[in-house]
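Here is the structure we will look at.
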Amino acid sequence: MSDNFKMLWIDIDTLRPDHLGCYGYERPTSPNIDQLAKEGLRLEELYTSDSPCLPSRSALQTGLFGIHTGAVGHGGTAADPFSEGLRRGFQSPRAFHSFASVLSRKKIWTATISVFAQRHSAMHWYAGFNEVLQDGYNTYFSEGVTPHALEWLKRNAKRESWFLHVHVWDPHTPYTATKEMAENLGDQRPGWITQEILEKHQTLAGPHSASETLGFDPDSDISKYFSRFPLMSPTLKTLEDVDRMFDGYDTGIMRADTMVGKLMNALDEQGVIDETAVIVSSDHGENFGELGVYCDHQTADEYTHHLPGIIKWPGLDGASQGKSDKGKHYQVDLAASVLELAGAEVPESWDGVSFADSIKDGTGQEDGTSGRDSLVFSAAAWTVQRSLRWENWLYMYTRHDGYHCFPEEMLFNLDEDPHLLNDLTETEPQIVASATKELTKWKDEMLSSSIHEVDPHDIVLQEGGPFHIWGQLPAYIERLRATGREPIAKDLAMRYPEAAAGKDPKPPWFY
Numbered sequence: 310m311s312d313n314f315k316m317l318w319i320d321i322d323t324l325r326p327d328h329l330g331c332y333g334y335e336r337p338t339s340p341n342i343d344q345l346a347k348e349g350l351r352l353e354e355l356y357t358s359d360s361p362c363l364p365s366r367s368a369l370q371t372g373l374f375g376i377h378t379g380a381v382g383h384g385g386t387a388a389d390p391f392s393e394g395l396r397r398g399f400q401s402p403r404a405f406h407s408f409a410s411v412l413s414r415k416k417i418w419t420a421t422i423s424v425f426a427q428r429h430s431a432m433h434w435y436a437g438f439n440e441v442l443q444d445g446y447n448t449y450f451s452e453g454v455t456p457h458a459l460e461w462l463k464r465n466a467k468r469e470s471w472f473l474h475v476h477v478w479d480p481h482t483p484y485t486a487t488k489e490m491a492e493n494l495g496d497q498r499p500g501w502i503t504q505e506i507l508e509k510h511q512t513l514a515g516p517h518s519a520s521e522t523l524g525f526d527p528d529s530d531i532s533k534y535f536s537r538f539p540l541m542s543p544t545l546k547t548l549e550d551v552d553r554m555f556d557g558y559d560t561g562i563m564r565a566d567t568m569v570g571k572l573m574n575a576l577d578e579q580g581v582i583d584e585t586a587v588i589v590s591s592d593h594g595e596n597f598g599e600l601g602v603y604c605d606h607q608t609a610d611e612y613t614h615h616l617p618g619i620i621k622w623p624g625l626d627g628a629s630q631g632k633s634d635k636g637k638h639y640q641v642d643l644a645a646s647v648l649e650l651a652g653a654e655v656p657e658s659w660d661g662v663s664f665a666d667s668i669k670d671g672t673g674q675e676d677g678t679s680g681r682d683s684l685v686f687s688a689a690a691w692t693v694q695r696s697l698r699w700e701n702w703l704y705m706y707t708r709h710d711g712y713h714c715f716p717e718e719m720l721f722n723l724d725e726d727p728h729l730l731n732d733l734t735e736t737e738p739q740i741v742a743s744a745t746k747e748l749t750k751w752k753d754e755m756l757s758s759s760i761h762e763v764d765p766h767d768i769v770l771q772e773g774g775p776f777h778i779w780g781q782l783p784a785y786i787e788r789l790r791a792t793g794r795e796p797i798a799k800d801l802a803m804r805y806p807e808a809a810a811g812k813d814p815k816p817p818w819f820y
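Numbering (the working numbering), first residue to last: 310 to 820.
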């Protein structure tokens, strides 16, 4: 298929699938993405193996879980991939087998329009891309990215074979849209956050909690900066504040969706729309009250890890006519499937497993057998957690709670409790025990096939915990006391005595 392979991968940052019309959302956030879903295949249970941004895209590019790459965080040693040691010859095996490298060796011209690698110093992202476009802050959001993408398609759409990755920051914070834009979306916001739930969340703690929506302190410089935008609020005091939060996020989706429409029009104008495969996905989702976290992506839970996945692939019955695939897949499985569909071999070293047959002919889509029985999620930038996701269950194991006071183990029935309000660890001990055993087995298997046999989560903990909380606890304890949350202040001081005494790492010059 690589003799005439054209593919556009639209990577919309921080995108929750349940805020898209094609996944059942009532607000008109995504008419262009919805149209692609009508013409293609919708993946109902696509997840990132690792979150947030750097670990997720590192996994996508390498085809490897974070426990194998070593890149699981946003700072410190575990923000970079493991050294390959003596395995590193003249060329790096990891780079040689990257997603873009494999495509490039099939004589497919590969290009990325993204500030991701520069923003996170994740230079391994560039491995295998023939062309890289980014001009700084202007290409974060869709208004800045769109002109570059349209110009690239104008120059390259009629090439024999190409792969273009387009990454936009919307709907990641800050929410920069206006109230007038939000009014166009109507009032069908999520209604699960009641006054009772909001009041309970106001008594909780942690960065991006209801009382500190934009970080640790509403009076910090970054909170003040974000608060300049009309759809951003440093605290959630009322349900009206909650409405404004959803408006900010949803308008970000709408802006990214507008870009999707323009790119589809460009493909049509170039006469290649019928021969171009199009994928719409994300690096991770977002929490809006789940586990008490707002406007951020900190935990190894359902909403941070669940991704949209839209595949429009010409000529393949299994990826056409508005079908849906109910199988559980990682984003690295999607990457492996693309390689197979492009006529390339999936590297043996990859953790990603192709489900290309399902995309070709629909095999196993309806009954979910196209995917895996269970998935493991990892987070280590704000918290240190691993979770097991299977059937209707989510089991979460926490080694560092990111100052949210999470218990070590949590269990949720997603069918009965979709927003993670009721922890069932005490009432379902057998399920907890089984999940613990399964998660331990997965970790042992992964480490046995790792080049270092080191769990990068151990490295994060040895270096003082997740990067985004370095140096924050002393001032945050004072804020908790000043805002009537003295019991939480005492709890955190007991859990993390060295950090409370200011002995953990201080944030580097760029935080």
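Ideal Cβ placement from N, Cα and C applies to all residues, glycine included. These numbers were taken from a predicted model, which means no experiment stands behind them.
Query, Result
"Counterpart residues of Thr485 in DSSP-defined beta bridges", "DSSP output for Thr485 lists no bridge partner at all."
"Identity of the residue in Thr338, Arg351, Glu354, Thr378 nearest Val763 by Cα", "Thr378"
"Nearest residue (CA-CA) to Lys632, options Val641, Trp622, Pro516, Tyr639", "Trp622"
"Collapsed DSSP secondary structure at Leu720 in the structure displayed", "strand"
"Coil, strand or helix - Phe538 by DSSP", "coil"
"Which residues DSSP lists as bridging Tyr704, in chain order", "Leu697, Leu720"
"Straight-line Cα distance separating Gly349 from Asp343", "10 Å"
"Sheet register partners of Arg351 (DSSP bridge)", "Ile619, Ser633"
"Reference Trp418, options Ser401, His709, Lys467, Asp327, closest by Cα", "Lys467"
"Residues near Leu324 by beta carbon distance below 6 Å, same chain, minus five either side", "Ser591, Pro617"
"Secondary structure of Phe686, DSSP reduced to three states", "strand"
"contact_flag[the segment 555 to 562, the segment 490 to 501] where n(CB pairs < 8 Å) is 3 or more", "yes"
"Extent of the continuous beta strand (DSSP E) to which Ala651 belongs", "Ala651 -> no beta strand (DSSP E), and no H or E assigned at all."
"Exposure label - Pro326; buried when at least 16 CB within 10 Å", "buried"
"Neighbour-count burial assignment, Gly811, 16 or more Cβ in a 10 Å radius", "exposed"
"With 16 other Cβ atoms within 10 Å as the buried cut-off, status of Gln674", "buried"
"4 or more residues per run - each alpha helix (DSSP H) lying fully within the segment 334 to 380", "340 to 348, 362 to 371, 375 to 378"
"Burial state of Leu801 (16 or more Cβ within 10 Å)", "buried"
"Buried/exposed call for Leu782, threshold 16 Cβ in 10 Å", "buried"
"Residue from His709, Val581, Glu452 whose Cα sits closest to the Cα of Gly773", "His709"
"For Met755, the first and last residue of its enclosing alpha helix (DSSP H)", "738 to 757"
"Glu599 burial status per 10 Å Cβ neighbour count (16 or more: buried)", "buried"
"Where Asp767 falls: helix, strand or coil (DSSP)", "helix"
"Residue span of the beta strand (DSSP E) that contains Val441, given as start and end", "440 to 442"
"Per-residue DSSP class, three states only, for Ile797", "helix"
"Simplified DSSP state of Asp320, which is helix, strand or coil", "strand"
"Option in Ala514, Pro364, Pro543 with minimal Cα separation from Asp528", "Pro543"
"CB of Ile768 within 8 Å of CB of Ala387, strictly", "yes"
"Any 3 or more C-beta pairs closer than 8 Å across the segment 438 to 456 and the segment 515 to 531", "no"
"Coarse secondary structure for Ala420, derived from DSSP in three states", "strand"
"Span separating the alpha-carbon of Gln484 from that of Gly394", "Gln is not the amino acid found at residue 484; the sequence shown has Tyr there. So the alpha carbons of these two residues sit roughly 43 Å apart."
"Simplified DSSP state of Arg468, which is helix, strand or coil", "coil"
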